[in-house]
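For the first sequence, the UniProt record's numbering assigns the number 1 to the initial residue and increments by one for each residue that follows.
Glycine included, each C-beta is placed from N, C-alpha and C at the ideal position.
Here the structure is a predicted model, which means the values were calculated and not measured.
Inspection log for the structure reproduced underneath, given as structure tokens.
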Amino acid sequence: MVWVSDKDDSDNDNFSWDTDEDDKDRFPGPSAGIPGFACEAGSSQSSFFCNFIAMGFSKDMVEKAIKQNGEGNQEAVLETLLTYSAIGSSTPEHEDVPNDFSAASDEDSVDDDLWSSDYSSDECNLSILVTVSDPVLEGLDFTEFATEKDKKLSTLVDMGFSPEEAAAAIDRCGLDASVLELADSIQAAQMAEEADGTGWSYPKVQYEAVGGSCNSFTRKKRRLLEEKRKLKRRKEYVKKPALGMDDAPMPISKPMIGFGLPYQKCITSRSLPEAAIGPPYFYYENVALAPKGVWDTISRFLYDIEPEFVDSKYFCAAARKRAYIHNLPIENRFPLLPIPPKMIHDVFPMTKDWWPKWDHRTQLNCLQTCIASAKLTERIRMALKSCGDPPPERVQQYVLGECRKWNLVWVGHHKVAPLEPDEIEMLLGFPKNHTRGGGISRTERYRSLGNSFQVNTVAYHFSVLKKVFPNGINLLSLFSGIGGAEVALHNLGIRLRTVVSVEKSEINRNILRSWWEQTNQSGNLIELDDVQKLNGDKLEQLIQRFGGFDLVVGGSPCNNLTGSNRHTRDGLEGEHSSLFYDYFRILDLVKCIMAKNL
DNA sequence: AATAAGATGAAGGAGGGG
DNA sequence: CCCCTCCTTCATCTTATT
1 MVWVSDKDDS
11 DNDNFSWDTD
21 EDDKDRFPGP
31 SAGIPGFACE
41 AGSSQSSFFC
51 NFIAMGFSKD
61 MVEKAIKQNG
71 EGNQEAVLET
81 LLTYSAIGSS
91 TPEHEDVPND
101 FSAASDEDSV
111 DDDLWSSDYS
121 SDECNLSILV
131 TVSDPVLEGL
141 DFTEFATEKD
151 KKLSTLVDMG
161 FSPEEAAAAI
171 DRCGLDASVL
181 ELADSIQAAQ
191 MAEEADGTGW
201 SYPKVQYEAV
211 GGSCNSFTRK
221 KRRLLEEKRK
231 LKRRKEYVKK
241 PALGMDDAPM
251 PISKPMIGFG
261 LPYQKCITSR
271 SLPEAAIGPP
281 YFYYENVALA
291 PKGVWDTISR
301 FLYDIEPEFV
311 DSKYFCAAAR
321 KRAYIHNLPI
331 ENRFPLLPIP
341 PKMIHDVFPM
351 TKDWWPKWDH
361 RTQLNCLQTC
371 IASAKLTERI
381 RMALKSCGDP
391 PPERVQQYVL
401 GECRKWNLVW
411 VGHHKVAPLE
421 PDEIEMLLGF
431 PKNHTRGGGI
441 SRTERYRSLG
451 NSFQVNTVAY
461 HFSVLKKVFP
471 NGINLLSLFS
481 GIGGAEVALH
491 NLGIRLRTVV
501 SVEKSEINRN
511 ILRSWWEQTN
521 QSGNLIELDD
531 VQKLNGDKLE
541 QLIQRFGGFD
551 LVVGGSPCNN
561 LTGSNRHTRD
571 GLEGEHSSLF
581 YDYFRILDLV
591 KCIMAKNL
């Protein structure tokens with residue numbers, strides 16, 4: 001099970017990956033076994049009940065779901081709970097599941113392994129913290145949400161859209177959006193999919209069925225059709241061998257959901273170029289919004305695989321627009337459990353009390369490597385103090401602009417603050433205090449975290465490997481950082497037989513080493529410091545020793561690609577980002593050596 | 001010397017209007 | 001098609017402080 005620690009209960013006293021007491025109203029972090037844990041003091045609930053509580057669902061929700069499905073049907077209860085969660089936190093810009101959950105259920109999205117013996121046979125491995133239900137979800141009347149949403153859903157379904165598309169559109173546009181706006185949004189999404197060459201298989205919408213709707217829709221339709229033609233032209237353009245055409249645009253999927261999200265209708269197959277097929281499997285990551293032409297170049301090097309563009313705002317409460325090029329299978333992906341909340345107020349309930357009505361943010365922007373200064377937050381406080389409530393438009397704009405730019409949250413009356421390192425760890429899916437201690441400074445923590453993977457996102461992509469490698473994997477991890485890939489695989493329950501990790505920063509190597517020891521890994525961890533020193537001889541030696549690598553992961557430096565860089569945004573040829581070519585070099589070497597040996 | 005704080009835009013997408 | 005506005009972005013460099 002994903003959050004179950006490998007540690008024995010006995011040596012769990014002086015170190016715990018658990019969250020602190022004051023963390024009880026957040027989603028549960030990975031928890032070590034707690035002996036004698038009871039579901040709730042004085043209650044006589046069944047272990048069946050406890051299992052769901054331990055997943056992070058609130059007491060009320062579990063009761064309601066069990067009442068609805070009966071105690072025998074674990075799967076049905078889970079689905080109902082997931083539906084509750086999704087609907088309960090349903091607001092704009094946030095992923096969701098359709099009300100008609102039966103449509104997605106036959107996809108078998110939840111892997112059986114998640115319900116395997118770990119949880120059912122070892123109930124001691126429950127976190128005591130999750131017994132406290134989510135105060136945000138508790139107060140909600142889900143039926144009210146459902147009916148309000150149902151109306152628009154059924155209208156859209158009547159118009160010919162699938163329930164999944166309709167639900168996704170409501171998430172994108174918000175519950176307040178008109179049906180026409182929603183239809184518009186779905187159509188745009190369909191076109192983006194088509195432009196991707198990976199079109200969804202839903203039937204085309206009968207626009208006439210809208211019947212009596214307004215001109216704006218037909219106008220929009222015309223505009224959309226024009227864009228469609230444009231996208232087609234662009235696609236054809238991209239397909240041509242781009243010799244020296246570094247400005248050839250790489251189309252980014254809209255919405256940025258890659259091949260699909262958990263519990264939604266997904267694209268389940270794709271054709272990979274011959275040269276792209278493993279072994280080994282590989283996974284490359286970098287910022288999605290790189291300068292023009294960068295992803296075309298990267299794609300050309302990585303065997304012409306199209307990048308998968310994914311925004312992690314669909315996996316956690318913060319945006320993180322990234323592209324991933326990999327040759328992993330994409331059918332039967334499943335998410336890491338528990339599924340983190342995606343709304344700020346659910347992740348940080350304390351901020352809800354201080355959140356002004358006029359700050360409409362529901363999710364955070366990308367977590368970066370630097371935070372706002374104390375002086376700025378003080379300026380904001382003074383600005384708000386010196387005017388009435390609500391503040392005039394001009395002040396609102398100023399404050400909101402700074403809040404968005406620096407990812408500030410409300411921590412008091414007129415008081416905003418940047419996120420704490422442990423809060424960022426949680427958002428990114430790491431155990432709390434993952435980067436703490438070992439002589440690392442606060443600034444360095446922010447830097448390391450800002451450069452890291454979002455674990456849930458990556459784990460969703462890695463999940464398919466669980467069945468492929470039931471006995472564990474040999475991992476070559478380049479640019480490991482604080483070990484996002486390792487944590488993702490471990491949390492998925494994929495055994496790490498061998499990890500060869502290459503990371504330049506000693507601080508980060510120490511963090512990974514520390515995590516490795518704290519989680520009692522049974523495999524081997526080999527830490528190297530420089531990808532450029534990893535030559536063919538060394539690789540051959542490693543491959544001989546461990547029998548080859550199953551997976552080669554790497555997110556090379558983005559310094560010269562990201563928009564945040566004011567000084568040296570030099571593209572793929574920049575001082576740091578050019579290390580991408582070492583990723584390719586090493587991957588290709590591994591490929592050749594393994595082909596030769598096997 | 002190490003750490004923290006403060007100052008420093010532009011690229012490029014999305015979307016609307018004409 | 002252009003033009004405009006709005007928004008977001010795995011950061012770097014210099015100076016101040018400990």
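Inter-residue Cα distance where the pair is residue i and residue j
i      : j      : result
Asp134 : Gln396 : Confidence is the limiting factor: at Asp134 the pLDDT is only 31, short of 50, which leaves the residue's position unreliable and the question unanswerable from this model.
Leu492 : Leu376 : 40 Å
Leu476 : Val552 : 5 Å
Val531 : Arg442 : 27 Å
Trp354 : His414 : 8 Å
Ala459 : Lys152 : 33 Å
Glu402 : Ala417 : 11 Å
His360 : Phe315 : 20 Å
Ala595 : Leu302 : 17 Å
Leu367 : Asn286 : 14 Å
Leu336 : Met426 : 14 Å
Ala276 : Lys591 : 10 Å
Pro392 : Trp406 : 21 Å
Lys504 : Lys533 : 11 Å
Phe580 : Glu506 : 20 Å
Met250 : Thr362 : 29 Å
Ile371 : Tyr583 : 30 Å
Gly258 : Val310 : 5 Å
His461 : Pro390 : 44 Å
Thr297 : Glu573 : 11 Å
Ile473 : Arg381 : 51 Å
Leu175 : Glu165 : 14 Å
Ser299 : Pro356 : 44 Å
Asn560 : Phe430 : 26 Å
Met350 : Gly484 : 28 Å
Asp346 : Asn565 : 31 Å
Ile170 : Tyr263 : 16 Å
Gly278 : Ala65  : 43 Å
Ile252 : Asn365 : 19 Å
Gly536 : Ile586 : 8 Å
His490 : Ile440 : 24 Å
Glu378 : Arg404 : 16 Å
Arg234 : Met256 : Confidence is the limiting factor: at Arg234 the pLDDT is only 37, short of 50, which leaves the residue's position unreliable, though a coordinate-based value still follows. Rounded to whole angstroms, Arg234 to Met256 spans 19 Å at the Cα level.
Pro341 : Phe549 : 34 Å
Cβ-Cβ separation, residue j to residue i (assumed contact under 8 Å), whole Å
i      : j      : result
Val500 : Leu542 : 6 Å
Tyr446 : Pro421 : 6 Å
Pro273 : Ile305 : 7 Å
Ser452 : Leu428 : 6 Å
Ile424 : Leu449 : 5 Å
Val455 : Val487 : 5 Å
Gln521 : Leu496 : 6 Å
Phe324 : Glu308 : Note on residue identity: the sequence assigns Tyr, not Phe, to residue 324. Confirmed, Cβ separation roughly 5 Å.
Leu528 : Val502 : 5 Å
Arg322 : Ala288 : 5 Å
Residues that DSSP places opposite residue i in a beta bridge
i      : result
Phe309 : Ala323
Tyr283 : His326, Val553
Asn524 : Thr498
Leu478 : Val502, Gly554
Ile252 : Its beta-bridge partners do not exist; DSSP assigns none.
Ile257 : Val310
Glu473 : Reading off the sequence shown, one finds Ile at residue 473, where the question assumed Glu. Paired residues: Leu496.
Ala318 : Leu364
Mind pulling the alpha helix (DSSP H) runs of 4 or more residues that sit fully within the region 331-417?
Within the region 331-417, the complete alpha helix (DSSP H) runs of at least 4 residues are 344-347, 374-385, 393-406.
Notebook entry, point to check: Taking one C-beta from the region 478-489 and one from the region 509-523 each time, how about it: are there three or more such pairs within less than 8 Å?
Noted result: A contact is defined here as three or more CB-CB pairs under 8 Å, and the region 478-489 meets this definition with respect to the region 509-523.
*Should the region 379-389 be called in touch with the region 429-444, which here means at least 3 C-beta pairs below 8 Å?*
The count of Cβ pairs closer than 8 Å, one atom from the region 379-389 and one from the region 429-444, stays below three, leaving the stretches out of contact.
Would you call the region 263-270 and the region 330-349 touching, i.e. three or more CB-CB distances under 8 Å? These segments touch.
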